[in-house]
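Protein chains in written order, with my numbering: chain A, 109 to 464; chain B, 8 to 303; chain C, 1113 to 1605. Virtual Cβ for every residue (Gly too), placed ideally from N, Cα, C. Report on the structure given below.
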Amino acid sequence: MTAEIEQRPAPEGQGGWIEKRTGARELMAALLHVRIPVEARTLYFGGIALFLFGIQAATGTLLALYYKPTPDAAYNSIVSIMSDVSFGWLIRSIHHWAANLMILFVVFHLLRVFYQAAFKYPRELTWIIGVGLLGLTMVFGFTGYLLPWDQRAYWATVVGTDIAGAVPFIGDQLLLLLRGGTDVTEATLSRFFGIHVLVLPIALAGILVIHLTLVHQLGLANPKRPDPRDGPPQGATKPFFPDYILDEVIAWYLLLAILVVLASLFPAGLDDPADPLVTPEGTKPEWYFLGVYEFLKLVPRTIGILLPIVGLLLLTVWPFLERSPEVLMRRRIFVVVVATAILVFGIALTVVGFRS
Amino acid sequence: MIRTPGGWDVESALQAEVLVVWLDDGRLEMIGPCGAAPWLIELGPANHPVAVVDRIVRDGRDVHAPGHGLGASRPGDRDGICTGSVSFGTFPRHRVCATLTRIPRGRSSPGRSQESRVEQEPRPAPSGDSASQAPAPAIATPAPVTPAPAPRPTTRRRFLRYLLGFSVVSTMALVLAPVIAFLVPPKTGSAGTGGKVSAGTLADIPLGQGKVVPMGSKPTIVLNTEQGVKAYSAICTHLGCIVLYDGANGTIACPCHDGRFNPLTGAVVSGPPPAPLPTVEASVDETTGEIFLMEG
Amino acid sequence: MAGLRRDRRIGLRVAAGLLGVGLLLVVAGTTFAEDPSPSPGVSPSPSIPPTVPGPAAPRPIAHPTDGSSNQCYDCHAAVNERQKAIADAWQGSVHGTGGVTCADCHGGDPRSDRMGIAMDREIGFIGTPSREQTVGVCGSCHSDPERMRAYKLPTDQYSKYWTSVHGQQLLTASDTRVAICIDCHGSHDIKKASDPTAAVYPPNVPALCAGCHADAELMEPYGIPTDQYDVYQRSVHGEALLVNADVRAPSCTSCHGSHDAKPPRSTEVVEVCGKCHTATQELYLESRHSELEQAAPKCWTCHGTHDVSQPSEALFFHPEPPQYLCTTCHDLENQTLRIELDQFADPADRRCDTCHHPESDIYAQVEAIAGSLSEAETAYADAETRIAEAADIGMIVSDADVALSEANTSLIQAQAAVHTTKLTLISETAGEATTKAESASDLAQAKLDESVFRRSAMVIVVALIVLNVVALYAVKRYLERTSRGSGGGAPPA
């Protein structure tokens, strides 16, 4: 019906006002009138991550209208946003929760794609770009975390950049680059703010466009059957629009409800203002780095740094390492079991990090 | 990716044009290859629209111009390349076609406006086909319009349309209301003053006197001394009481336990406080005599 | 018979002499010695026994010296373990590093390593000085301003010592069990008072005094209680000094004096406490209590001596009305008003209504004071709880915190103003505190209301979203229904 509303041309001529001036109908049709396999089960994770990115862009832009990125003023500007600005608490709390949820759902999306082997031919590039997107999302989280300039933010950044500084060979230079100096100072804040607000959004948006284009071009993967190399995929399909889109939008609405509940019941908090001379007890990074942080405590420093990096590299090129065309989980038991074990280990480390 | 229907061979450079056909209130509407004007096809009671269009698609008939009859193909001369063109229709609502038995078929209303009338061109004999062949449909009669009830969307469909409209509007309201409220600058607080808070003028604090002013959430004591305007946090470093200025003996005093601070430096002079009062930067506007305290 | 008579005469003289000395001692002992069981707070009796003046400081022990040798050390370090320990202790002490050698206290000739010469009593060697001698030995140098100038040390310890209870006992009763210089400072191992390992380092002082004063057997002949250290440890002062190592907190010597150790008299109490609690002293001196001649409550009446604890509004009234006897307030012998400190020995009795009878005129004033103060304290506690509540649910409460600090300032001032016993002043300050606490509470309440509003708004928004989801779901179902039977799949070709 919506389609009919859209496609109904103006009675007076060949197409409506917008259509005449943009010719958008064809493009929209090309984008929306595609088909997806009936067996596709995306669980909508990727779409949710996209939705959350949109939320972050919107709330982040709003926050940037009031936030002041210098150590003297940053903290008070956040206090002002929380207490003086109408719905400031809501915008900031949503930004805080959507950040955490976005990382969570990007990881869920990665897991879904991994377990369904949706990264295999012809979607290897999509996967590599996706891992890049995960990395960008985590850098988003890391840089944004410093901006309130309270004790938690400051010292978590000190600890986090210290870990970066422990990378062999390039560690010292990396530390200088990240911190804008030897210590975490106003130079660091400026740098992180610029990265968080300009560099990363543009980078993420650009790479996201490529990712989505590839998804559009290649269609959704069929979890029961790999794409044949010599022709279009066979099998029953259903339309992307409106069936899948409707489900996706419902999922987005539910996410919105969750965000509103979280923001209202657990508004974003603020510690004491940052004091470089006083280290609080029990400093630790945010939850998405806790696993690596705890891992570093278990093994020698170099291994603790190199192993996650090597792991990440392996993950990135995984489509070229697992080359069999099998997509069913029971046909790739070994891979699934090992991956699950690593996942459980990572979760256990994170839980330990929480408790300590 | 455009999929050709089964049985089509492509031998030369091909230009494909897409006609979009859909069923609306018992009549078929089709967008033509050269524009958006709908072509209306009247259906007889025995016409199955799928068969009709199928026939249209299969018949390779010339199409001269929009509105001049229907055809499925015509030789084209686009960009100096001689091409044959194949046109075929797609059914975005194909599932709808499957339920046609439920939609009353009858003479459809001839259309919403006169301009969209399709001029009649006698159709050539339909190619021989299977039993599904029905008598040729009467195609878009420019003849007098038989009055027919104006098309009315079904109540269910209307309800759903309202539902979607409500959904969209309410969501937008839900999202835009807080955003707009957010954008309006707040009246209170120090959000937009560039980190400076006014603490009155020199007239309010004559030489040799001091006053405690609230600066956001931090009480600050402002003094007018021989060495200029000085300001310190008014929170005593002993147990957090609010200090005041004791003009009689020229010290900042805490009334709780008699701690005393030097008004020129904030250092502890006597009593239990363990640390000096933190300094707050203060500046005076030359022209107006207004005293500003810097935050942070 | 003459021998017998002569014996008798001698005997008589001896007896007379003994009697005389004994009488002298008795008179001195009773007249000049301090009351063996001093109960501070006894109403100032008209006759305070004057202290016996101490002797003048003796001259330092003269001994030959060549400026460098100290053979005493060389020999004694090799004699046996105990001597070696003493010798080494001296070497590490203030005296050892400062060039005060063995002969300066013991006399003798440090140039020689031959015992006969070095420890010759003829040339001034005195061996281990007796306890009475020791005070003079120390005092001989330490009361000499010229000698002590280089070290910037005070020189009044010697003269002060003789005015102390210890000194007077030693002087008049030759009681060698009292503390002398070496008992507190050590003999060979003397350290600076600022050295944290020194026995006289302020946080170590209470334990030092308790070494004797907590020993029941030692204190028994004097009738002095021995629970002060125990009690002090649990007091506010004790906690500050012993647990928090806050050197501003008083030790025994802060109130009793060190070299001039003597429990303060009731006339001295306000000054002693007021040395640190300056503001409170000023307030007290404005009060009616400070003007009273008889039965005047002092600091220790309500706050105790060794067991000073955090004051609270419990100090106003007994939970149950106490027993009032004539002797509670009156001395039946001379029909004066009096306050005995031992009436207030039990902290439960340190209340206004121990003296102020409920049916007295002044009682209404006491009640009014207590009432305004407890109102302020309740308002403050209420504000505190409310702010904590708001902070718990995540609201930013910094403005309420500031208002609370202001209320706290006024509250502390109101509590301090109680010492003035002036109702108008107290109720004014307490009223200010109440108003400020209420405004802090209002600010916190605003946050709580805001939170309630947010939660209601959240419910409405979520309901709206659910409605939207239901709408979309309805659309989805409709579309599914209308496409049922078509089998999905590709369009007809």
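Residues of the segment 195-218 of chain A with a Cβ closer than 7 Å to any Cβ of chain C: none. Per DSSP, Arg1243/C has no beta bridge partner at all. Out of His1371/C, Val1355/C, Ala1542/C and Ser1205/C, the CA that lies nearest to the CA of Tyr1273/C is found in His1371/C. Per DSSP, the beta bridge partners of Ala260/B are Leu251/B and Arg267/B.
Residues of chain B whose Cβ lies closer than 8 Å to the Cβ of Arg1360/C are, in chain order, Pro279. Under the Cβ criterion of 8 Å, Ile1336/C is not counted among the residues facing chain B. For Phe189/B, the chain A residues whose Cβ falls inside 7 Å of its Cβ are Leu170, Val193, Ser194, Phe195, Gly196 and Ile199, in order along the chain. Of the residues Ala180/B, Gln216/B and Pro221/B, the one whose Cα lies closest to the Cα of Ser240/B is Pro221/B. Residue contact check for Arg1567/C against chain A: a CB pair falls below 8 Å. Beyond the five residues adjoining it in sequence on each side, Gly399/A comes within less than 8 Å, by CB distance, of Gly454, Ile455, Leu457, Thr458 and Gly461 in the same chain, given in chain order.
Leu1449/C sits in a strand when the DSSP states are folded into three classes. Residue ranges of uninterrupted alpha helix (DSSP H) with 4 or more members, entirely inside the segment 1233-1286 of chain C and ordered along the chain, are 1243-1254, 1257-1261, 1269-1275 and 1277-1285.
The distance from the Cβ of Leu170/B to that of Val1587/C is about 7 Å, consistent with a contact at the 8 Å cut-off.
Inclusion of Tyr1313/C and His1531/C in the CB contact set at 8 Å is not warranted, their separation being larger than that value.
Using a CB distance cut-off of 8 Å, Ile1505/C does not count as an interface residue toward chain B. Pro185/B reaches chain A at Ser194, Phe195, Leu198 and Ile199, counting residues in chain order whose Cβ is nearer than 9 Å. Proximity of chain A to Pro193/B at the Cβ level (cut-off 7 Å) is accounted for by Asp192, Val193 and Ser194, in chain order. In the DSSP assignment, Ala289/B is bridged to Leu300/B. DSSP, reduced to helix, strand and coil, places Ile366/A within a helical segment of the structure shown. A direct Cα-Cα distance of roughly 14 Å separates Pro1315/C from Arg1346/C. Straight-line spacing of the CA atoms in Thr178/A and Arg164/B works out to 56 Å. Counted as a single uninterrupted DSSP element, the stretch harbouring Leu230/B is not any alpha helix (DSSP H) but the beta strand (DSSP E) occupying residues Lys225 to Thr232. Contacts with chain C (Cβ-Cβ distance below 8 Å) from the segment 423-442 of chain A involve no residue at all. Using beta-carbon distances, Ser1472/C does not count as an interface residue toward chain B, since no partner is under 8 Å. One alpha carbon belongs to Lys332/A, the other to Pro347/A, and they sit about 18 Å apart. With contact defined as three or more Cβ pairs closer than 8 Å, the segment 323-342 of chain A and the segment 242-259 of chain A are not in contact.
For Ser177/B, a Cβ of chain C is located within less than 8 Å of the residue's own Cβ. Contact between the segment 1236-1251 of chain C and the segment 1287-1307 of chain C is present, with at least three C-beta pairs closer than 8 Å. Rounded to the nearest whole angstrom, the C-alpha separation of Ala1311/C and Leu385/A is 35 Å. With contacts defined by Cβ atoms closer than 8 Å, Phe227/A and Val221/A form a contacting pair. For Leu1584/C, the residues of chain A that pass the 8 Å Cβ criterion are Leu354, Val357, Ile358 and Tyr361, in the order they occur in the chain.
DSSP links Ser240/B through a beta bridge to Thr227/B. Counting of Cβ neighbours within 10 angstroms places Gly1211/C among the exposed residues, the total staying below 16.
Listed by position along chain C, the residues whose Cβ is nearer than 8 Å to that of Ser372/A are Arg1566, Arg1567, Ala1569 and Met1570. Under the 8 Å Cβ criterion, the segment 183-191 of chain B counts as touching the segment 194-208 of chain A, having at least three qualifying pairs. A distance below 7 Å between beta-carbons, with the five flanking residues on each side excluded, links Gly257/B to the following residues of its chain, in chain order: Pro270.
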